Structure formats: C-alpha cells, structure tokens
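Visitor: Numbered per the numbering used here, the sequence shown spans residues 1343 to 1448.
Think of the CB as a built atom: it goes at the ideal place given N, C-alpha and C, for glycine as much as any other residue.
Owing to the predicted nature of the structure, the values given are computational and were not obtained by experimental measurement.
There's a structure below that I have some questions on.
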Amino acid sequence: MELPTPSGLEKQVIEVLKTIYDPEIPVDIYELGLIYHLTVCEAGQVYLQMTLTAPGCPVAGSLPAEVETAVRCIPGVTEAVVELVWEPAWNPALMSEAAQLKLGFF
C-alpha cells in the first residue's frame, strides 16, 4: 500500500521544521525525531505533537513556542498549535538515518 504524499503546505511545514535546531545537538528537530505527529488541514490549520530529548531540557519552555511561531509565519497557515508530549519518551532510535550518520551512530 502506498502512503499518501504530503500536500504542498505540509511540505512547507516540514521544511520550516528542518530549520529549527535543538540548541545542544547540531541536528534539526525534524530529523532528530522530535516531531511525533503532524496534521495539516485544507483550511490551513496545522497541529503537531512534539517532544524534547529529555523532560529537563533547558528549552522546554521556549522551543515549542518557537516552533509554533515559525509555522504560523508560513503563507497559507491560518492556525498553528503545538502540543508538547512526553510519551513515548524520545530515544536515539527516533532519529532519521541522516541524523544518526551526522552524530556518528553508525
């Protein structure tokens, strides 16, 4: 079964997410596997669930708001809601292969 391809707006959201970095790890939050769920509605609403590498992460109070602000700036986005979740807990296996290569996991 083929997975549906992302819409144009969803692709733009992903590209923006790839410009936001965890301040302690030189990998963007998308490739790092911090984005758990992304929904882009036809009317331009964007909802995403994200996590952090650890509950005590120093950017826990600011990174979700940074993500929300960046997504809201995309033309065509009418609403952006970011929910910070802790389940399942983040672990290095959630990183993309490119991120694992960059960080020397292979």
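Have a look at Asp-1364, Gly-1350, Leu-1374 and Leu-1390 and flag the residue whose alpha-carbon is nearest the alpha-carbon of Leu-1443.
Guide: Within the sequence shown, numbered from 1, the residue matching residue 1443 stands at position 101. Minimum Cα distance to Leu-1443 is reached at Leu-1374.
Visitor: Using only CA atoms, which one of Met-1437, Gln-1387, Val-1427 and Trp-1428 lies nearest to Cys-1415?
Guide: Here residue 1415 is taken as the residue at index 73 of the sequence shown, counted from 1. Nearest of Met-1437, Gln-1387, Val-1427 and Trp-1428 to Cys-1415, Cα basis: Gln-1387.
Visitor: Kindly give me the distance between the Cβ atoms of Ala-1412 and Val-1369, rounded to whole angstroms, as I take these residues to be in contact under 8 Å.
Guide: As a working note, residue 1412 is residue 70 in the sequence shown. As a working note, residue 1369 is residue 27 in the sequence shown. At roughly 17 Å, the Cβ-Cβ gap does not stay under 8 Å, so Ala-1412 and Val-1369 are not in contact.
Visitor: Select from Pro-1397, Gly-1398, Glu-1408 and Tyr-1389 the residue whose C-alpha is nearest the C-alpha of Tyr-1363.
Guide: On the sequence shown, residue 1363 is found 21 positions in, with the first residue counted as 1. Tyr-1363 has its Cα closest to that of Glu-1408, out of Pro-1397, Gly-1398, Glu-1408 and Tyr-1389.
Visitor: Please report the residue range of the alpha helix (DSSP H) in which Val-1352 lies.
Guide: Within the sequence shown, residue 1352 is the residue found at index 10, counting from 1. Going by the sequence as given, residue 1352 is Glu instead of Val. Counting along the chain, the alpha helix (DSSP H) containing Glu-1352 begins and ends at 1350 to 1359.
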